[in-house]
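To start, the structure under review is shown below, and the notes come after it.
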Amino acid sequence: MEEIRPKFYITTPIYYVNDKPHIGSAYPTVVADVLARLHRQLGHDTWFLTGTAEHGSKIAESAEKAGKDTQAFVDENSAKFSLAWDILGIAPDDFIRTTEPRHLKAVNVFFNKLKDSGKLYEGEYEGWYCIGCESFKKESELVNGLCPIHNRKPEWVKEKNWFFKLSEYGQVLLDKIEGGDMKIMPDGRKNEVVSFIKQGLEDIAVSRRTAKFAMPLPWDDKQTIYVWLDELFNYCSAIGYGADRENFEKYWPADLHIVGKDIIKFHCIIWPALLLAIGEQVPKAVFAHGFFTVNGQKMGKSLGNTIDPVELAQKYGSDAVRYFLLREIPFGQDGDVSEEKLKARFNGDLANGLGNLFSRTTNMIERYLEGDIGEFLKSPKDLSMASEAFYNLGFAEGLSLIWKEIAWANQIIDKSKPWELFKTDPAKVKELLLNLAALLHDIALKISPVMPETADQMRKVLESGNIKKAEPLFLKID
Ligand code: MSP
């Protein structure tokens, strides 16, 4: 009988290439990478997709400001994202760009299907449009006439365009959400979506007349496809929609879309409704994470006070940045980040905690056991509590469980003083060191989705057969 492997298709938002990556875009990408690594470890047929959103007026504007041809500009900036992910130890299975032919083709198929569904009609729209958000804003969403996310004045747009009958989908969406077909996490976000739907959904414009650098509508080249619809479709185009049905069906529906809380209406309302209109399944789950502030201040590309994850990784190492992001902010909540906080975690949890435990243990194994721990290391059969926490998206919780073990082990060493005990009871020291080696090996397995480099470094030493005092895993920074 053929073995059935569970599949796990995980995605991040695709990032606007009007700027380079910042810590806010690194965050969901690190999270998705950690989950992908964990699912691969469990033997699941895993597919991890990320990419860049390259159409729209905002990007055209930024290219113009930079004095560059738009396509050249997006090529350059998209490359910055894939390079940044590489530096952060993020290994996606695919990286989609919305200017790629495979995506353009799939979106055309999608739009023709949408038109055939009878759910589109021509109408006129009038309203405020924020180029920063690439979306229309209700009067009530503006603060002093400005978009509160981008601090910029939206433009008044009056256009004749195509509309999608989103208003028809309220009940079916509520059924999917409340029946668990489409899970929305955390609960607070789910409640927000549900109450928004219950207020009644309005139809949305799916084309624009005045947008720059956008895809033409397949049946009317005077209009362009609204960039958000083009972008949402990346999740399907990347796995072969309209080109390779077999592969598409292998991975669709997505098991988990990771998104920021600012874009949940797109992902939990518009996206599933569009999918239903074209006869496809809705995503199984959407998780919305919180927003970062920097030293208590709102952060964003548009505001200019961003933290560069690449610089941090170059200074502290990619594993430290990954650890920090997952440990510092409970997943789903807002959080404040700063280099100071990262440094405190680095020196405390990493250098003094794990690093110290590893170097003193390997040092003592070299000294008291001549580097020999025999066949002592075993691979655990069950998922540890920490891995289970990661599996359930409790990253801070899982890491805190592991770091409790580290603190405990460091204390045992301090208390039992093997360097004195060895003179009177070497057998006891041997037993202690073998247990510490096993514990460290187990820790390496558990942290490996979050800190793949450190885990490899630890396993290499522990599995070497002749253990020598290891190079420090983390060098304290003053
Ligand atoms: N292109 C759209 C997403 C389309 S997905 C089909 C977009 N791009 S974005 O580059 O502006 O933002 C991408 C993600 O980064 C969003 O999920 C957003 O929540 C996240 N973040 C942007 N700034 C952030 C913080 N300050 N903190 C945490 N996440 C933030 O939206």
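According to my numbering, the sequence shown holds residues 1303 to 1780 in order.
Heads up, the beta-carbon is just placed ideally off N, CA and C, and yes, glycines get one too.
Fair warning: this is a prediction, and the values are worked out from it, not measured in the lab.
First and last residue of the uninterrupted beta strand (DSSP E) at residue 1437: Residue mapping note: residue 1437 aligns to position 135 of the sequence shown, counting from 1. DSSP places residue 1437 in the uninterrupted beta strand (DSSP E) bounded by 1437-1439.
Candidates 1618, 1708, 1639, 1628, of which the one nearest residue 1258 by Cα: The chain is shown only over 1303 to 1780; residue 1258 falls outside these bounds and no answer can be derived.
Straight-line Cα distance separating residue 1501 from residue 1621: Along the sequence shown, one-based indexing puts residue 1621 at 319. Along the sequence shown, one-based indexing puts residue 1501 at 199. Rounded to whole angstroms, residue 1621 to residue 1501 spans 44 Å at the Cα level.
Start-end ranges of the beta strand (DSSP E) lying completely within the stretch 1590-1643, minimum 3 residues: Every beta strand (DSSP E) of 3 residues or more that sits fully in the stretch 1590-1643 is shown, in chain order, as 1594-1596, 1637-1639.
Beta-carbon contacts of residue 1635 that lie in its chain and below 7 Å, excluding the five residues immediately before and after: Taking the sequence shown and counting its residues from 1, one reaches residue 1635 at position 333. Answer for residue 1635: 1592, listed in chain order.
Host beta strand (DSSP E) of residue 1570 (start-end): Looking up residue 1570 in the sequence shown gives position 268. Element bounds for residue 1570: n/a, residue is neither H nor E.
In DSSP terms, what residue 1787 is bridged to: Because the chain in this structure spans residues 1303 to 1780, residue 1787 falls outside the shown range and cannot be described.
Alpha-carbon spacing of residue 1627 relative to residue 1423, whole angstroms: Mapped onto the sequence shown, residue 1627 falls at position 325. Mapped onto the sequence shown, residue 1423 falls at position 121. C-alpha separation (whole angstroms): 45 Å.
Contact test: residue 1326 Cβ vs ligand 1 heavy atom, cutoff 6 Å: Translated into the one-based positions of the sequence shown, residue 1326 becomes position 24. Result yes, Cβ under 6 Å from ligand 1.
Buried or exposed by the 16-neighbour rule on C-beta atoms within 10 Å, applied to residue 1590: As a position in the sequence shown, residue 1590 is number 288, starting the count at 1. So residue 1590 counts as buried.
Beta-carbon proximity check, residue 1523 vs residue 1409, cutoff 7 Å: In the sequence shown, residue 1523 corresponds to position 221, counting from 1. In the sequence shown, residue 1409 corresponds to position 107, counting from 1. No, the pair does not count as a contact, with Cβ atoms beyond the cut-off.
Residue from 1341, 1594, 1745, 1541 with nearest C-alpha to residue 1757: Along the sequence shown, read from residue 1 onward, the residue named residue 1757 stands at position 455. Answer by Cα proximity: 1745.
heavy atom of ligand 1 below 6 Å from residue 1418 C-beta: As a first step, residue 1418 must be located in the sequence shown, where it is residue number 116. Using a cutoff of 6 Å, the CB of residue 1418 does not count as near ligand 1, since none of the ligand's heavy atoms is closer than that.
Own chain residues within Cβ distance below 6 Å of residue 1396, not counting five before or after: Taking the first residue of the sequence shown as position 1, residue 1396 is located at position 94. 1351, 1540.
Coarse secondary structure for residue 1535, derived from DSSP in three states: Indexing the sequence shown from 1 puts residue 1535 at position 233. Residue state, collapsed to three classes: coil.
Any non-hydrogen atom of ligand 1 within 6 Å of residue 1594 CB: Within the sequence shown, numbered from 1, the residue matching residue 1594 stands at position 292. Between ligand 1 and the CB of residue 1594, the shortest heavy atom gap is smaller than 6 Å.
Residue 1482 classed as buried or exposed, judged by whether at least 16 other C-beta atoms fall within 10 angstroms: Within the sequence shown, numbered from 1, the residue matching residue 1482 stands at position 180. Residue 1482 is classed as exposed because its beta carbon has fewer than 16 other beta carbons within 10 Å across all chains shown.
Residue burial classification, residue 1361 (beta-carbon count within 10 angstroms, cutoff 16): On the sequence shown, residue 1361 is found 59 positions in, with the first residue counted as 1. Residue 1361 comes out buried.
Touch test, the stretch 1676-1695 against the stretch 1538-1556, Cβ-Cβ under 8 Å, three pairs minimum: With the rule of 3 Cβ pairs closer than 8 Å, the stretch 1676-1695 does not count as touching the stretch 1538-1556.
Same chain only: Cβ atoms within 7 Å of residue 1763, ignoring 5 sequence neighbours per side: Translated into the one-based positions of the sequence shown, residue 1763 becomes position 461. So the list reads 1664, 1769, 1772, once near-sequence residues are dropped.
Any non-hydrogen atom of ligand 1 within 6 Å of residue 1670 CB: The sequence position of residue 1670 within the sequence shown is 368, counting from 1. Flag unset: Cβ of residue 1670 not near ligand 1.
Buried or exposed by the 16-neighbour rule on C-beta atoms within 10 Å, applied to residue 1652: Here residue 1652 refers to the residue found at position 350 when the sequence shown is read from its first residue. Buried is the call here.
Where residue 1357 falls: helix, strand or coil (DSSP): As a first step, residue 1357 must be located in the sequence shown, where it is residue number 55. Per DSSP, reduced to three states, the secondary structure at residue 1357 is coil, with no helix or strand assignment.
heavy atom of ligand 1 below 6 Å from residue 1528 C-beta: If you number the sequence shown from 1, residue 1528 lands on position 226. Here the distance from the Cβ of residue 1528 to the nearest heavy atom of ligand 1 is not below 6 Å.
Rounded separation between residue 1749 and residue 1645 - CA only: Reading the sequence shown from its first residue, position 447 is the one you call residue 1749. Reading the sequence shown from its first residue, position 343 is the one you call residue 1645. Across the structure, residue 1749 and residue 1645 are spaced so that their CA atoms are roughly 19 Å apart.
Supposed contact pair residue 1499 and residue 1468 - C-beta distance, whole angstroms, cut 8 Å: Residue mapping note: residue 1468 aligns to position 166 of the sequence shown, counting from 1. Residue mapping note: residue 1499 aligns to position 197 of the sequence shown, counting from 1. The pair is not a contact, with the Cβ atoms about 10 Å apart (cut-off 8 Å).
Residue interval of the beta strand (DSSP E) (run including residue 1549): Here residue 1549 refers to the residue found at position 247 of the sequence shown. Taken as a continuous stretch (DSSP letters only), residue 1549 belongs to no beta strand (DSSP E), being part of the alpha helix (DSSP H) at 1547-1553.
Beta-carbon proximity of residue 1474 to residue 1486, cut-off 7 Å: Here residue 1474 refers to the residue found at position 172 when the sequence shown is read from its first residue. Here residue 1486 refers to the residue found at position 184 when the sequence shown is read from its first residue. No, Cβ-Cβ distance for residue 1474 and residue 1486 is not below 7 Å.
Buried or exposed by the 16-neighbour rule on C-beta atoms within 10 Å, applied to residue 1445: The count along the sequence shown starts at 1 and reaches residue 1445 at position 143. It counts as exposed.
Residue 1711 and residue 1685 closer than 7 Å at C-beta: Translated into the one-based positions of the sequence shown, residue 1711 becomes position 409. Translated into the one-based positions of the sequence shown, residue 1685 becomes position 383. No.
Collapsed DSSP secondary structure at residue 1756 in the structure displayed: Looking up residue 1756 in the sequence shown gives position 454. Residue 1756 falls in the helix class under three-state DSSP.
Buried versus exposed call for residue 1353 [16 or more other C-beta atoms within 10 Å across all chains shown]: Counted from its first residue, the sequence shown places residue 1353 at position 51. Residue 1353 comes out buried.
Where the beta strand (DSSP E) containing residue 1423 begins and where it ends: As a working mapping, residue 1423 is identified with position 121 in the sequence shown. Where residue 1423 is concerned, the enclosing beta strand (DSSP E) stretches over 1422-1432.
Whole-angstrom C-beta distance between residue 1484 and residue 1585, which should lie under 8 Å: As a working mapping, residue 1585 is identified with position 283 in the sequence shown. As a working mapping, residue 1484 is identified with position 182 in the sequence shown. The pair is a contact, with the Cβ atoms about 6 Å apart (cut-off 8 Å).
7 Å CB neighbourhood of residue 1331 in its chain, flanking five on each side removed: Sequence index remark: in the sequence shown, residue 1331 carries index 29 (1-based). Non-local beta-carbon contacts of residue 1331 in its own chain, meaning distances under 7 Å to residues more than five positions away in sequence, involve 1314, 1352, 1387, 1392 in chain order.
Closer than 6 Å: residue 1267 CB and nearest ligand 1 heavy atom: Residue 1267 cannot be examined here, being either before or after the span of the chain that is shown, 1303 to 1780.
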